[in-house]
Structures are given as structure tokens and as C-alpha cells.
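Colleague:
This is how it looks when you write it as C-alpha cells:
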């Protein structure tokens with residue numbers, strides 16, 4: 001929903017998939033014949049197919065609706081199922097569906113086939129094509145000066161050592177640049193409060209469309225019929241029956257998103273949860289907590305001697321990607337904002353602040 | 001449909017409208033107090049509203065579907081009607097709907113109100129905000145190195161002389177740049193054969209959706225319900241009844257667009273028409289001529305003495321914007337391509353080539 | 001002297017030489033294995049050396065001082081002599097000085113060695129690395145939006161056909177872009193009147209430094225001692241004895257350049273010459289004609305069939321690169337400006353206007 | 001000397017001075033009428049003059065030769081003296097030399113005149129025009145993707161509160177961007193080991209040219225005769241008598257710079273000093289320590305309430321700008337590198353590591 005915050009951000013997963021395939025090929029070519037790494041043409045062709053298909057199991061509006069998969073499901077598992085569904089088409093292109101899905105999704109499928117893990121990392125690793133593409137592409141379309149890095153410097157120092165996609169010491173400055181670009185893009189774009197607020201509306205709408213338990217179908221054919229367009233259409237037509245979904249659609253149409261009333265330094269996750277639970281009883285569906293934290297990333301670095309790996313000695317300390325918002329319906333902003341201000345001293349005196357409260361974790 | 005040729009070209013009229021408003025304001029401010037031009041705040045506020053709304057009467061996918069307006073209708077007339085429909089809202093903002101629609105659409109409405117024509121040109125003139133915005137914005141999202149010009153140099157030399165938006169002699173080089181940018185964008189993007197082929201499919205689909213005579217409703221409320229999304233939805237859902245429309249939707253979904261079989265230097269407009277008519281009888285809906293030419297543009301220039309206007313002395317001769325394609329269904333490409341090759345010498349010996357055949361008209 | 005007009009234009013031939021080597025290699029790699037062209041490693045290594053050294057025979061401030069070579073000399077001949085002087089060094093690198101100088105300077109040296117002319121064109125042809133580098137580099141440092149083109153599109157369509165560096169039909173749009181970029185850079189930067197005025201001052205200063213007949217030494221060792229820095233130093237120190245040279249240095253220091261009093265549409269070359277001769281008798285060294293025209297460029301194009309070459313069908317007509325200025329000392333601007341205005345009708349009634357007067361030649 | 005590392009970095013203080021004047025004016029205009037700040041035209045004109053002249057007291061190659069000022073002298077004091085020397089010229093432009101020098105150099109001159117300190121910060125503060133210009137300009141000419149920030153976002157949130165140039169909370173993300181840009185530019189460009197090595201050579205050469213004690217003259221007229229060009233000329237001509245200076249010039253001509261043999265994590269400042277002193281006795285002028293650390297920067301932030309200031313809550317921890325190199329003559333690299341390796345365990349066991357050794361200080 002970033003286009004509701006940054007109008008230029010209207011690009012789609014289609015371009016991103018092509019871009020990821022292109023960058024994965026560049027990474028593969030750069031690594032080849034360095035430190036004794038011999039990538040084969042067979043691997044390269046499967047890498048390209050996997051890069052092209054790596055996001056195919058995403059639901060409408062991707063990341064915002066990940067939680068609608070049934071338990072034991074995820075976009076990766078759906079990706080694997082869809083790729084297996086294309087088995088015959090892939091075979092015609094002399095491609096093995098098992099290997100493609102392994103490269104696209106990593107070990108998730110639990111397939112027995114073995115492959116150099118560096119190939120998986122060329123798509124989804126910390127310096128993989130997926131990230132390199134979305135950072136640059138999103139920054140370009142959103143129109144921000146961060147999100148950029150020096151691709152050529154990455155290609156000059158990327159390599160496969162100990163079956164791991166790693167960088168030579170000379171690549172530390174550009175790796176720092178990628179890490180900072182990622183931090184800024186999450187801070188300013190992906191986790192922007194308005195973006196997160198609309199993502200919540202989106203989930204409500206999508207659950208209503210899905211009906212029943214509000215989960216994605218596990219059958220790939222039904223799943224693939226769901227698209228961004230389907231949601232957009234119902235939002236525009238205003239034909240949803242579910243009352244919460246209609247409200248959510250109206251918020252999107254009128255750009256009247258939920259308001260965040262929390263300054264995240266003020267309250268721990270736990271206290272936020274209690275506050276929201278308490279008020280959700282009074283105003284159902286009008287207040288909720290959005291507390292999100294990504295796993296820290298680390299970048300493998302080749303030792304000076306070239307023989308092994310060590311961790312990236314980050315000199316600039318970059319916070320782990322996270323956000324914490326208490327969203328409330330626009331018309332409750334004043335009332336619940338006041339209630340939160342009164343709750344803060346109370347909560348902070350009675351509960352111990354959790355580790356997220358005033359200290360930032362660093363990657 | 002440019003996004004089917006250039007995937008990044010996914011931006012919308014929404015951003016363009018905001019950009020046009022912004023650039024119109026910059027042009028107004030630049031002209032103010034030059035050559036005795038005194039623009040008032042009242043004019044500036046109406047200029048901004050008109051710039052924001054100047055494209056509001058466009059149908060889905062804008063220019064490609066202009067021909068679906070009833071006779072005596074056009075997107076400009078629709079724009080005027082929509083603006084009048086917002087009369088009360090505009091009045092609340094202390095804006096006069098008549099003046100806004102006059103500035104947005106020029107003399108088309110035939111309104112008696114008088115206004116400095118330079119203000120209209122600040123939106124839709126040869127150096128107006130509309131063009132300056134779409135050239136730069138489209139070039140950026142499409143990702144091409146043309147379409148760019150030096151905005152600051154335009155602002156440094158733009159002025160109002162004899163009630164006309166004109167440039168001082170020092171602005172000639174940058175005007176040449178705008179003219180070349182416009183030429184390249186039309187040549188490479190807007191009139192790209194694939195883009196034009198899909199625009200034809202679009203019209204077929206839209207006519208089927210509209211039903212009846214396949215014209216746009218003249219009632220603004222019904223008109224505004226039509227959107228890009230509506231077309232996209234039917235294309236995706238494959239639920240069109242009309243057989244030609246279903247074929248068109250299938251071509252868009254499968255990226256199997258009509259093929260151009262004409263090298264435009266080979267045949268005159270007239271001969272093309274005859275060729276197409278002849279084969280359309282055999283293959284109805286499978287062959288058609290797309291012959292398009294825009295009116296030449298001229299750029300008013302202030303005389304050295306500063307007292308009057310003369311025409312822009314273009315040193316680089318830029319062809320008038322035009323295209324000529326004979327589109328055929330993909331499966332007929334070979335057969336009709338051969339037929340055309342056989343037809344060319346015949347046509348060129350019996351009909352006199354029209355002026356468009358081998359000579360280019362220059363702006 | 002472009003940095004006196006555009007302060008950012010301070011880059012040197014050093015970067016340009018490295019850039020030319022880099023681009024020549026890219027062109028070579030792009031052509032390889034297309035249309036049966038087999039470039040050898042031996043050729044590629046010599047191409048790179050020649051590209052690096054192609055400008056080494058230029059005097060200080062390059063093009064502005066070309067006229068100071070003795071008759072029968074030129075920067076190309078000097079380049080050849082310098083390259084032969086490096087024979088031993090080149091031999092160590094397994095490079096043949098004869099072949100390097102042939103590639104760097106073309107047929108000028110009249111050497112018997114034969115080579116595919118396409119290799120020479122990869123450096124100095126109409127789409128050669130020299131031009132591609134200086135257009136992009138100068139535009140970047142000067143900070144103008146022209147001078148740019150899409151390198152990847154050139155690489156996608158460049159090829160060697162009939163021993164000529166040519167483009168495939170698909171490369172026409174980007175070739176048009178290069179032609180326009182070149183035109184704008186000459187019009188706005190290289191032939192800018194202030195730039196040309198200072199270049200004249202430079203020649204006066206350099207002649208004074210050289211002494212005697214004011215020609216460059218023909219001996220490479222003495223020639224190579226001359227540098228931009230030598231001129232800059234004398235301009236700064238104000239230690240020149242020759243009175244004209246001291247005036248010229250003062251003009252550069254104080255940014256008080258010669259003024260152009262001619263609107264080139266007003267008077268033919270011949271009439272200008274007469275006017276200048278007449279007034280140069282009154283004010284020696286204070287008035288002179290700068291009338292310059294480059295040879296037109298044509299771009300070889302591969303025929304559709306791929307078998308041969310034809311000329312580039314330029315749709316945008318771009319004027320041949322040229323300028324015509326009548327420069328006078330700043331303090332004579334008013335007086336000689338008036339004299340020229342009085343002379344124009346007189347000259348135009350008595351002499352036949354030459355072809356350059358009101359008509360532009362197109363490339 | 002950055003151009004010896006990054007060839008494009010050839011721009012001069014001339015452009016930087018104009019750019020600083022331009023940006024200072026933009027900052028002034030942005031602050032005006034925010035939070036009750038009323039800047040006068042009188043102040044603005046003096047601010048512009050001061051921004052233009054703020055670097056005029058720098059010696060050749062600026063920062064690299066700062067240490068050649070006599071004690072009690074600095075480039076700021078020289079700037080003040082030069083501005084006072086222009087007193088009459090400034091008076092003609094209705095400018096007060098005292099106020100100009102106060103704005104250009106801050107409190108250093110100890111002048112009694114009082115001024116709003118925010119005006120001084122608009123030139124030399126942490127978000128002042130000097131820094132904003134050099135970061136963007138250097139990054140552009142060097143050609144690196146860092147060094148960029150979003151100027152418009154700074155202008156949107158900059159303000160004068162409590163007589164201090166500060167940012168509103170909404171400007172925190174862009175301030176973080178400036179801080180990171182500054183860090184990367186120092187890490188990768190200004191403190192690049194090759195750049196620092198040549199700066200040392202430069203000082204040796206300049207001391208030899210200055211003669212006597214090797215200090216800058218305190219008399220502005222003599223001082224202003226020194227220029228980058230003077231050094232370049234002697235380097236090119238190879239006419240220096242002093243043997244150390246001749247060696248330094250040779251190193252610059254032949255690009256044979258001093259080599260750094262230290263990994264700064266290995267040894268404290270103190271231990272480095274001892275190591276260098278010990279070997280400098282053996283190889284005089286062939287080994288020296290370059291240990292440099294800038295004062296940390298802090299960015300004043302307006303409180304939410306808008307009434308006062310607090311410190312910028314930096315979430316990304318950026319190391320203080322610093323470097324530590326042990327430079328040795330190229331021919332001693334192997335021998336002294338080995339000696340250093342042997343010295344490290346010894347030093348680390350006997351001396352306590354200083355705070356700089358393994359821990360980084362953060363700004």
C-alpha cells in the first residue's frame with residue numbers, strides 16, 4: 001500500500017521478478033572462478049528460473065497479507081507448490097522443478113536434494129538479488145535518495161567461500177551502504193505508519209473476500225486467482241458485505257487511515273498489549289497493536305588470508321528493523337491518545353520495561 | 001498500456017495531476033513581475049485548481065480511449081461538466097467553477113468569461129505544466145535518458161508577452177530540448193507499436209463493457225464510475241461475453257498483441273486504407289490501420305527588443321509526431337505480411353503517393 | 001577553457017583517456033561474435049593501448065591550440081611520434097608501436113600495416129569510444145541534461161559489417177540520441193562564445209611562451225614539456241613579456257573576455273572577413289573573426305537483411321556543427337557593434353550571401 | 001589531493017564558495033518567519049558575502065596544509081585578515097567587513113559585535129551550507145552513491161530556535177542521512193590512506209617553497225600569492241632544491257605514494273608513536289604516524305512542543321570521524337611491515353591499550 005504514502009510507488013512484483021533474475025545472474029557471474037568456485041551452466045539456468053519465480057507464492061499485496069496463510073503454510077510453501085504445478089512446463093525448458101523450488105525457497109520444503117547453499121543466498125541472502133533489487137527499485141520509484149548502493153563494488157568483492165556467499169574485506173564499505181539503505185527503506189517506507197495502517201485494512205478486506213476462516217486456500221489454483229486487482233476492485237465498487245471490511249475499504253478510498261497514538265519510546269510491548277486489549281473491549285475493531293521486528297541480519301566476510309569466513313565488523317551500528325504502533329480509528333484519536341498518556345506512567349511504574357522499550361537492539 | 005512495453009511505466013494520472021499543479025505554480029511565479037505581467041493571487045489559486053483537475057474528464061487509460069466519446073463530446077467537455085458538478089465544493093474553497101474549467105480546458109466550453117490566455121497556456125500550452133510534467137515523469141518511470149530538459153532554464157526565460165506564454169531568446173536552447181524530448185517520447189514510448197496495438201484491444205473491451213453503441217455515457221456520474229481498474233478486472237476475470245472483447249482480453253493477458261506489418265516508408269495512407277479494407281472483408285476484426293498525426297507545435301519567442309513575439313527559429317528540424325501501422329492478428333502475420341509486400345509495388349504504381357509517404361513533415 | 005563558463009568543467013584528459021580505453025573495450029566485446037566478426041585478443045590489447053594514448057599528442061588545452069602545430073604537423077602526427085618514442089616500453093608489454101599508433105590515429109601516418117578499419121572506428125569513429133566518453137563525461141561535469149544517451153542500447157546494436165563499425169536498424173533511435181547530444185554539447189559548451197574567446201587568448205599566450213614563430217616544437221620531448229599548467233602558471237604570475245600575451249592573460253585573470261558582436265544570421269563569412277580586416281587595421285589585435293565548421297558526420301547502418309550497409313536515415317535534421325563570431329575587445333564592443341550594424345545592409349546588398357548565411361547545412 | 005585517488009575530483013574551492021553562498025541563502029529563506037525568526041535583508045546580504053568568502057583564508061590544497069600556519073594563526077584568522085583587507089570594496093557594496101568576517105569565522109576573531117549565532121551556523125554549523133555543499137559536490141565529482149541527502153527535506157524542517165539553527169522532529173531522518181553521508185565521505189574519500197599520504201608530501205613541498213621555518217606568511221598579500229598552481233608547477237618542473245621536497249614531488253609525479261602498514265585495530269596511538277619514533281631514527285623522513293580525529297558533531301533538535309531544544313536522538317550510531325595510519329616509504333613497506341607485526345604483541349602486552357584501540361567512539 002506504499003503508493004498511498006508515496007504515489008510513485010506503483011511498480012509491481014512483475015518487474016521485481018525480472019530484476020531479481022537479472023541481478024542473480026550478475027552475482028553468479030561475478031562469483032564464478034573466484035576462490036575456486038565453479039558454478040555450472042546447469043546451476044545458472046536453475047538459479048535464473050528460481051529468481052524469476054521466488055515471489056510467486058505471495059498473496060495480494062505480498063508482505064501485508066502473509067498472516068492469512070493457514071498454519072503450516074507460508075508464501076514459501078505456496079511458492080514450492082506452484083513451482084511443482086509448473087513441473088511439465090519447466091521440464092520442457094530442461095529445468096528440474098525440485099531444484100528450482102529449492103533455490104527459490106531454501107531449505108523450507110525439506111527436500112532431500114543437495115545444492116550449494118551459496119546459490120540459495122544469491123537469491124534470498126543478505127546480499128542476494130531479491131534484496132538488491134527491491135532496495136534500488138523501490139527507492140527509485142518512491143523517489144528517495146537512500147536505498148542506493150554501488151552495485152559494481154558489490155560485484156567486485158562478492159564471492160563463494162566455504163559454500164557461503166560472502167564478501168572480501170574490500171567490500172565492507174559497500175556492504176555498510178546496503179545495510180544502511182535497507183534500514184532507511186524500512187524506517188521511511190516499508191514500516192511507515194500509514195503504510196502499516198492500510199496493510200491492516202487490507203487484511204480485513206481480504207479475510208472478508210476469502211470468507212470462512214479468512215485464510216488463503218491451500219490449493220494453488222484457487223490461490224492464484226487472488227490478486228491485488230481483486231481487492232482494488234472491491235474497494236472501488238464498495239460491494240463488501242462484512243461491515244468491518246466495508247469500513248476498511250472506505251478508509252482506503254477516502255484516505256482516512258488509522259492513526260498511531262504511540263511514541264514507541266514511551267511504552268513496552270507488553271504494556272501496549274494490555275492497553276489495546278482493554279480498549280478493544282470498549283471499541284471492537286477500532287484499536288490494535290502493530291508490533292513488528294525482523295530477525296537481525298549478518299553479513300559473512302572473507303578473512304584477510306582468504307581461507308575462511310568471519311562476521312562483518314559493522315562500524316556503523318544500525319538498529320534492527322522494527323516498529324511498534326498503537327493504531328486507532330481516526331475519530332478516536334483524541335480520546336484514546338489522552339487515555340494512553342494517562343496510562344504510560346502507570347504502566348511504567350508497575351511493569352518492568354521490556355528490552356525493546358528504551359534500548360535499541362543493533363544488527 | 002505502456003506498462004506492457006516498459007514495465008516501470010505504472011504511474012497514474014493522480015501523480016501527474018499533482019505534478020502539473022506544482023509546475024503550473026512554478027511557471028506562474030517565474031512569469032510574475034517580468035515584462036510587466038502582474039498575475040494576481042486570485043488567478044494563481046484558480047490556475048492551481050485547474051491544473052489539478054485538467055485531466056479529470058479522461059476515460060480509462062486516457063488517450064487510448066478518446067474515440068469512445070459521443071460526437072460533440074471530448075475529454076475536455078467532460079472535464080468541464082465534472083468541474084461544474086463540483087461547483088459547491090469549489091465555492092467552499094472560494095473558487096469559481098467557470099474560471100477553473102476555462103483554465104483547465106481553454107476556449108472549448110465557449111464560456112463568455114474572459115481571462116489572460118497565457119494562464120491557459122501555463123497548463124496546456126507548448127511549454128505548459130501538463131507537458132513538462134508528463135515528459136519528465138514518464139521518462140523517469142519508463143527509465144529512458146530522453147524526456148529530460150533543464151527546468152531551471154525554462155523558469156529563467158519564460159514570460160508573458162502580448163498575453164501569450166513565451167520564451168526569451170536565451171531560452172531557445174532549452175526549448176529545443178523540450179521539443180526533442182517530446183519527439184523521442186512519442187517515437188519511443190507513446191506511439192510504440194505494441195502500445196498502440198494494446199490500445200486498440202482496450203477500445204474493443206471498453207466498448208463491450210459500455211454496451212449499446214459502445215460510447216461513453218454523457219452523464220458525469222456514470223462516466224466517473226468507469227476506471228482503469230474496471231477494465232483490468234474484466235481482463236483478469238475473463239468474463240466478457242462479446243467474442244471480440246474476449247479475444248482482446250486474451251491478447252492482453254497472454255501478451256499476444258497485434259503485429260505491425262508495415263514499414264511506413266513503403267505505402268501511403270490511402271493505399272494502406274484500401275489494403276486493410278480489402279482484407280478486413282476476409283478476416284473481420286483481424287486487420288486494421290492505425291494512422292495518427294498530431295498537429296504541429298510552435299513555440300512563441302520574445303523578440304530581441306522584448307516588445308513582441310515571433311516564431312521559434314528551430315534549427316534542429318524535428319518531425320511532426322505521427323505513426324502509421326497496419327496491425328494484424330499474430331497468426332496472420334506471415335500471410336498478410338506477404339500480401340502487403342506484393343501489394344506495395346502495385347499500389348505505388350497506380351496511386352500517387354500522398355505527402356506522408358516518403359517525406360516527413362517537420363514542426 | 002570551458003571551466004571559465006561552466007565551473008564544474010574541470011576534468012582532464014587523464015580521466016578521458018581511461019574512459020576511452022574502457023568504452024573501446026566494451027564496444028569490442030559487444031561486436032565480437034556478431035555477424036561473424038572474430039576480434040582477437042591481440043587486437044583487443046592493442047585497441048586498449050591505442051585508446052589510452054589516442055590524445056597524447058594534444059598540446060595544452062587540446063583543441064583550442066591545434067593551429068599552433070607547424071604545417072604538415074597535427075596532434076595526430078605528434079601522437080604517432082610519441083607512441084614510437086615509447087616503443088621499448090610498449091614492447092615490454094608485448095605491444096607493437098606501429099599497430100598502436102595506427103589504431104590511435106588512423107591512416108594519417110601512412111603506415112603500410114593493415115588492420116580492420118572497424119578497430120580504428122571503435123576509437124575515433126562516429127560511434128567510437130572517444131566521442132561516447134567525452135559527451136557523457138563533459139555533460140556530467142558541466143551539469144547539463146543533454147550529452148546523455150543510452151549506452152546499453154548502443155552495445156546491443158553495434159556490430160562490425162563490411163569491416164565497418166555500424167549499427168543494426170534497432171539502434172537508430174539511440175544513434176539519433178548520440179547525434180543530438182553531440183549537437184547540443186557543441187552548441188552550448190564547446191562552441192560557446194566565451195569558451196571560444198578565451199581559446200583565442202590562450203593561443204596568444206602560448207605563442208608568446210613558445211617564442212620564435214610561435215609554433216609547437218616538432219620534437220616530442222620538448223613538446224611533452226608543455227602543459228596546461230605552464231600556461232596557468234604564467235597567467236597567474238603575470239610574467240609574460242609580450243604585450244599582447246600580457247593582455248590576454250589579464251583578460252583570463254579578470255574574466256574580461258572578448259565580446260562577440262555578430263548575430264550569425266546577419267552576415268556571410270566573406271563579409272565578416274572583410275569587416276574584420278578593415279577594423280583590424282585600426283585596432284590591431286582587438287578584432288578577429290572566429291568562423292568554424294566541422295565536417296558532417298554520417299552513421300553507417302546495417303541493412304534489414306543484415307548483409308550490407310546503408311546510410312543512417314536521420315529523421316531529425318541536425319545542423320552541422322559550426323559557429324561564427326566576430327570578437328572584439330570589451331572596450332570596443334559599443335563602437336564596433338554600431339559599425340557592424342551599419343555594415344550589414346551594405347554588405348548584404350553588394351556581396352552575394354554565401355551558403356552559410358541564412359541556410360543551415362544539415363548532417 | 002583526492003584527484004590522485006578519484007580522478008573526477010578536480011573541482012575547486014571556487015565552485016564550492018558559490019555553492020555555499022547559494023545554500024546559505026536557501027537556509028536563511030527557509031528559516032525566515034518560522035518560530036518567530038525574523039531575519040533581515042541586512043543580515044541576509046552579509047550572510048551571502050560571508051558564505052562566499054568563508055574559505056578565502058585557506059592555503060593551497062586547503063585542509064592538508066592547515067598545520068603550516070604559525071602558532072596563533074589558522075585559516076579562520078587569515079580569512080578575517082583578508083576580509084578586513086577588502087574593507088573598502090565591501091563598503092562600496094554596503095557591507096560591513098566586521099560583520100562579514102564574524103559570520104564567516106564565528107567567534108574566533110573575538111570581535112565585540114553581536115549577531116544571532118544561528119547565522120554563523122547557517123554557514124559552518126552541523127547542517128550549515130559549507131557542509132551541505134561539500135558533501136553533495138564532492139560526492140558528485142568523485143562519483144560515489146553516498147554523500148547524498150534530500151535537501152528539500154532539510155529546508156522543510158530547518159529553523160531558528162533559541163538563537164540556534166535546529167531541526168524539527170520531522171527532520172530527524174534526513175539529519176541521519178547527512179550524518180551518514182558525512183561519515184562515508186570521510187571514511188572513503190577525505191581520509192582515504194592515499195589521499196592522506198599525498199597530503200603529507202604536499203606539506204613537505206610547501207614548507208620547502210616557503211623556506212625559513214616553513215610557515216605561511218602572516219601577511220595576507222604574500223599569503224594570497226600562494227596557490228595550488230604554485231605547488232603543481234614545482235612538482236611538474238622538478239626544480240625544488242630541498243631533497244625531501246624533491247622526493248615528495250617525485251612521489252606525486254610517479255604516483256608512488258607512502259604505504260600504510262597499520263591495521264588500526266591492532267595498535268594504540270601511543271604504541272604507534274613509539275614505533276614510529278624508534279624507526280624514524282633509522283630511516284629519517286621515511287616513516288611517520290598520521291593519527292587524526294575530528295571533534296564529534298551534535299545536531300540540535302526542536303522539542304515536540306516547539307518551545308526549546310534537545311539533542312538529536314541518533315538511532316544509527318555513527319563512529320566519530322578519525323583515521324590512524326603508519327606511513328612508510330614504498331621501498332620499506334616489506335621490512336617495516338614485518339617489524340610492526342613483531343612489535344604488536346609486545347606493545348599490547350606492555351602498554352595498556354588506549355580507548356581508541358579496539359573501541360570506536362560514536363558521535
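Protein chains in written order, with my numbering: chain A, 1 to 363; chain B, 1 to 363; chain C, 1 to 363; chain D, 1 to 363. Just so you know, even glycine gets a beta-carbon here, dropped at the ideal spot from N, CA and C.
1. Chain D partners of residue 180(A), CB-CB under 8 angstroms?
2. For the stretch 222-274 of chain D, list the alpha helix (DSSP H) runs that are entirely contained and at least 4 residues long, ordered along the chain.
3. When Cβ atoms are compared, which residues of the stretch 199-227 of chain D fall closer than 8 angstroms to chain C?
4. Is residue 291(C) helix, strand or coil when you go by DSSP?
5. Based on Cα-Cα distance, which residue from 299(B), 163(B), 170(B), 160(B) lies nearest to residue 152(B)?
6. Rounded to the nearest angstrom, what separates residue 357(B) and residue 348(B) at their Cα positions?
7. Is it right to say residue 406(C) is buried, meaning 16 or more other beta carbons lie within 10 angstroms of its own, or is it exposed?
8. If you measure between the beta carbons of residue 344(C) and residue 266(C), is that distance less than 9 angstroms?
9. Using a C-beta to C-beta distance shorter than 7 angstroms, which residues of chain D count as neighbours of residue 236(C)?
10. Suppose you measure from the CA of residue 27(A) to the CA of residue 72(D); what does that come to, to the nearest Å?
11. Checking contacts by CB at 9 angstroms: is residue 356(C) closer than that to chain B?
12. When Cβ atoms are compared, which residues of the stretch 129-146 of chain B fall closer than 9 angstroms to chain A?
13. Out of 230(D), 115(D), 174(D), state which residue places its alpha-carbon closest to the alpha-carbon of residue 316(D).
14. Would you mind sorting residue 63(C) into buried or exposed? The rule is 16 or more other CB atoms within 10 Å of its CB.
15. Once DSSP output is grouped into helix, strand and coil, what is the label at residue 327(D)?
16. Got a sec: is the Cβ-Cβ distance from residue 127(A) to anything in chain D below 9 angstroms?
17. Tell me the DSSP secondary structure of residue 357(D) in three-state form.
18. Bridge partners for residue 301(C) per DSSP, in chain order?
19. If we require 3 or more residues per run, which beta strand (DSSP E) segments fall completely within the stretch 121-200 of chain A?
20. In chain A, which residues lie less than 8 angstroms from residue 183(D) when you measure between Cβ atoms?
21. Between the stretch 120-134 of chain D and the stretch 16-26 of chain D, are three or more C-beta pairs nearer than 8 angstroms?
22. Look at the alpha carbon of residue 43(B) and the alpha carbon of residue 91(B), and state the distance between them as a whole number of angstroms.
23. By the three-class DSSP mapping on this structure, what secondary structure does residue 37(D) have?
24. Quick check on residue 217(B): does DSSP put it in helix, strand or coil?
25. Rounded to the nearest angstrom, what separates residue 272(B) and residue 186(B) at their Cα positions?
26. Quick one: is residue 12(C) near chain D, going by C-beta distance under 9 angstroms?
27. Which of helix, strand or coil does DSSP assign to residue 362(C)?
28. Between residue 232(D) and chain C, is the shortest Cβ-Cβ distance under 9 angstroms, so that the two count as touching?
29. Check the Cβ of residue 177(A) against every Cβ in chain D and list those closer than 8 angstroms, keeping chain order.
30. Which of the three DSSP states is assigned to residue 322(B) in this structure?
31. Using only CA atoms, which one of 291(B), 165(B), 55(B), 275(B) lies nearest to residue 76(B)?
32. Could you check if residue 342(A) is buried or exposed, using at least 16 other CB atoms within 10 Å of its CB as the buried criterion?
33. Write down the C-beta distance between residue 120(A) and residue 103(A) rounded to the nearest angstrom, noting that I regard them as a contact closer than 8 angstroms.
34. Determine the contact status of residue 300(C) and residue 172(C), defining contact as a CB-CB distance below 9 angstroms.
Modeller: Per the coordinate set shown:
1. 180, 316
2. 228-237, 243-253
3. 227
4. strand
5. 170(B)
6. Note on residue 357(B): pLDDT 49, under 50, position unreliable in the model; no value is reported.
7. Residue 406(C) falls outside the range modelled here, since chain C spans only 1 to 363, and no answer is possible.
8. yes
9. What residue 236(C) touches in chain D: 227, 229.
10. For residue 27(A) and residue 72(D), the distance between alpha carbons rounds to 55 angstroms.
11. Only weak support exists for where residue 356(C) lies, its pLDDT of 47 falling under 50; the value from the coordinates is given anyway. It does not: the Cβ of residue 356(C) has no partner Cβ on chain B nearer than 9 angstroms.
12. 137, 140, 141, 143
13. 174(D)
14. exposed
15. strand
16. no
17. Only weak support is given to the placement of residue 357(D): the predicted model assigns it a pLDDT of 49, under 50, and the value that follows is read from those uncertain coordinates. DSSP places residue 357(D) in coil when its eight states are reduced to three.
18. 167(C), 310(C)
19. 158-161, 164-167
20. 316
21. Taking 8 angstroms as the limit for Cβ pairs, the verdict is that the stretch 16-26 of chain D does touch the stretch 120-134 of chain D.
22. 15 angstroms
23. coil
24. Annotated three-state conformation of residue 217(B) is coil, per DSSP.
25. 22 angstroms
26. yes
27. strand
28. For residue 232(D), the answer is yes, since a Cβ of chain C falls inside 9 angstroms of its Cβ.
29. 145, 146, 184
30. strand
31. 55(B)
32. exposed
33. 6 angstroms
34. no
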